[in-house]
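Trainee: Be aware that the sequence shown starts at 19, since it is given in my numbering, and climbs by one per residue. Shown below is the structure under consideration.
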Amino acid sequence: MPLSRQESERYSRQLIVPGIGLRGQAKLKNASVLVAGAGGLGGVVLAYLAAAGVGRLGFADPGLLELSNLNRQIFYKTRDLGRAKVRLLASFLKDLNPRVRLEPLRLKLDSENLAPLLKKYGLVADCTDNFEARFELNKACVRAGRTLVHGAVYGFEGQLAVIAPRGGPCLKCVFPHMPPRLKGYTPAPGPAPGAIGAMQAAEVIKIICGLPHLRGRLVIYDFAHGAAHSVRLKRRRACGVCGKRDEG
Ligand SMILES: [Zn+2]
């Protein structure tokens with residue numbers, strides 16, 4: 019479907035990116051992405067995906083806006099404290115790009131609601147802030163055959179990975195055990211989730227457009243020292259999530 023004159027102008031700077039062009043833009047328009055979490059990572063991922071013209075965006079978070087969110091969740095406003103984050107984010111995203119279909123979901127994702135939800139979306143971004151939620155999402159994505167773009171931040175360290183659905187490795191291959199429970203809140207200096215969220219959005223856009231991406235690799239960013247390193251992930255044959263399924 020050709021772009022309208024307004025769309026051609028809105029997306030003009032990305033239409034000239036090698037590998038995107040009109041074909042990539044059409045793919046973005048036809049794409050649907052589910053973003054798990056509407057915090058520091060999720061808000062940034064959603065803002066860039068809406069701005070890029072991804073056709074349909076679902077986003078799930080049960081939370082209300084708190085004062086302690088605002089050092090990093092810069093798309094919210096101080097006057098909106100106490101209001102549902104997904105509603106606030108929907109309003110922000112609608113103003114940013116009214117053409118994108120928004121599906122705010124005020125709920126906590128779990129094993130029951132994920133299965134039917136994943137049928138409605140082509141791709142998933144993991145912007146959760148705890149391992150229980152990440153593992154649940156990983157398992158549901160492996161079962162549903164959905165690619166998972168994982169992002170996480172702890173203090174000045176961030177990580178990014180693309181978990182492809184078939185053939186592994188999955189997130190549970192990389193982190194077979196639940197890490198020891200950390201006391202208190204996750205330290206999060208604002209720019210760290212901002213940068214990792216932007217990188218997650220870039221991976222999503224590349225996957226949709228059919229460009230080379232981080233499949234099967236984990237990139238770790240050390241913001242404290244300005245360093246990054248990338249490791250190829252290995253599948254664990256005994257993995258309880260992706261192992262049996264592929265071998266059986
Ligand atoms: Zn696995």
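Just so it is clear, CB atoms sit at the ideal spot from N, CA and C, and this is done for glycine as well.
(1) Helix, strand or coil, according to DSSP, for Ala219 in the structure here?
(2) For Arg124, which of Lys112, Leu132, Val104, Tyr139 has the nearest alpha-carbon?
(3) Taking all protein chains shown into account, do 16 or more other C-beta atoms lie within 10 angstroms of the C-beta of Arg152, making it buried, or fewer, making it exposed?
(4) So what's Ile181 in DSSP terms, helix, strand or just coil?
(5) What residue from Phe110, Cys257, Leu178, Tyr203 has the CA that sits closest to Leu67's CA?
(6) Mind checking Tyr239: buried by the 16 CB within 10 Å criterion, or exposed?
(7) Does the beta-carbon distance from Ala158 to Ala179 come in below 8 Å?
(8) Give every residue of the same chain whose Cβ lies closer than 6 Å to the Cβ of Leu52, excluding the five residues on either side of it in the sequence, and list them in chain order.
(9) What residues in its chain sit with their C-beta under 6 Å from that of Arg90, if we drop five residues either side in the sequence?
(10) Which of the three DSSP states is assigned to Leu114 in this structure?
(11) Which residues have a Cβ closer than 5 Å to any heavy atom of ligand 1, listed in chain order?
(12) Compare the C-alpha of Arg233 against each of Cys188, Phe174, Glu130 and name the closest.
(13) Beta strand (DSSP E) containing Arg74: first to last residue?
(14) In or out: Val249 buried (at least 16 other Cβ within 10 Å) or exposed?
(15) Whole angstroms are fine: how far does the CA of Tyr94 sit from the CA of Gly55?
(16) Could you have a look at Gly202 and say whether DSSP puts it in helix, strand or coil?
(17) What is the DSSP secondary structure of Glu150, reduced to helix, strand or coil?
(18) Give a yes or no on whether the C-beta atoms belonging to Lys126 and Pro80 are separated by under 8 Å.
(19) Is the beta carbon of Asn156 closer than 8 Å to that of Lys190?
Mentor: Quick answer:
(1) Translated into positions along the sequence shown, residue 219 becomes position 201. Three-state result, Ala219: helix.
(2) Looking up residue 124 in the sequence shown gives position 106. Nearest of Lys112, Leu132, Val104, Tyr139 to Arg124, Cα basis: Val104.
(3) If you number the sequence shown from 1, residue 152 lands on position 134. Classification of Arg152: buried, given that the 10 Å Cβ count is 16 or more.
(4) Sequence index remark: in the sequence shown, residue 181 carries index 163 (1-based). If DSSP states are grouped into helix, strand and coil, Ile181 belongs with the strands.
(5) Residue mapping note: residue 67 aligns to position 49 of the sequence shown, counting from 1. The shortest C-alpha separation from Leu67 is found at Phe110.
(6) Start at 1 with the first residue of the sequence shown, and residue 239 comes out as number 221. Looking at its Cβ environment, which holds 16 or more other Cβ atoms inside 10 Å, Tyr239 is buried.
(7) The residue you call residue 158 lines up with position 140 of the sequence shown. The residue you call residue 179 lines up with position 161 of the sequence shown. In this structure, Ala179 does not lie closer than 8 Å to Ala158 by Cβ.
(8) As a working note, residue 52 is residue 34 in the sequence shown. For Leu52, where only same-chain residues beyond five positions count, the Cβ hits under 6 Å are Gly76, Tyr139, Val142.
(9) Working through the sequence shown from its first residue, we reach residue 90 at position 72. Answer for Arg90: Gly58, Ala206, Gly208, Pro211, listed in chain order.
(10) As a working note, residue 114 is residue 96 in the sequence shown. Three-state DSSP puts Leu114 in a helix.
(11) Gly186, Cys188, Lys190, Cys191, Cys257, Val259, Cys260
(12) Here residue 233 refers to the residue found at position 215 of the sequence shown. Answer by Cα proximity: Cys188.
(13) Numbered from its first residue, the sequence shown carries residue 74 at position 56. Unbroken beta strand (DSSP E) run through Arg74: 74-78.
(14) In the sequence shown, counting from the first residue as 1, residue 249 sits at position 231. Classification of Val249: exposed, given that the 10 Å Cβ count is below 16.
(15) By one-based count along the sequence shown, residue 55 stands at place 37. By one-based count along the sequence shown, residue 94 stands at place 76. Cα-Cα distance, rounded: 14 Å.
(16) One-based indexing of the sequence shown puts residue 202 at position 184. Coil at Gly202, not helix or strand.
(17) Indexing the sequence shown from 1 puts residue 150 at position 132. In this structure, Glu150 counts as helix in the three-state DSSP scheme.
(18) On the sequence shown, position 108 is the one that residue 126 refers to. On the sequence shown, position 62 is the one that residue 80 refers to. Going by C-beta atoms, Lys126 is nearer than 8 Å to Pro80.
(19) Working through the sequence shown from its first residue, we reach residue 190 at position 172. Working through the sequence shown from its first residue, we reach residue 156 at position 138. The answer is yes: Cβ separation under 8 Å.
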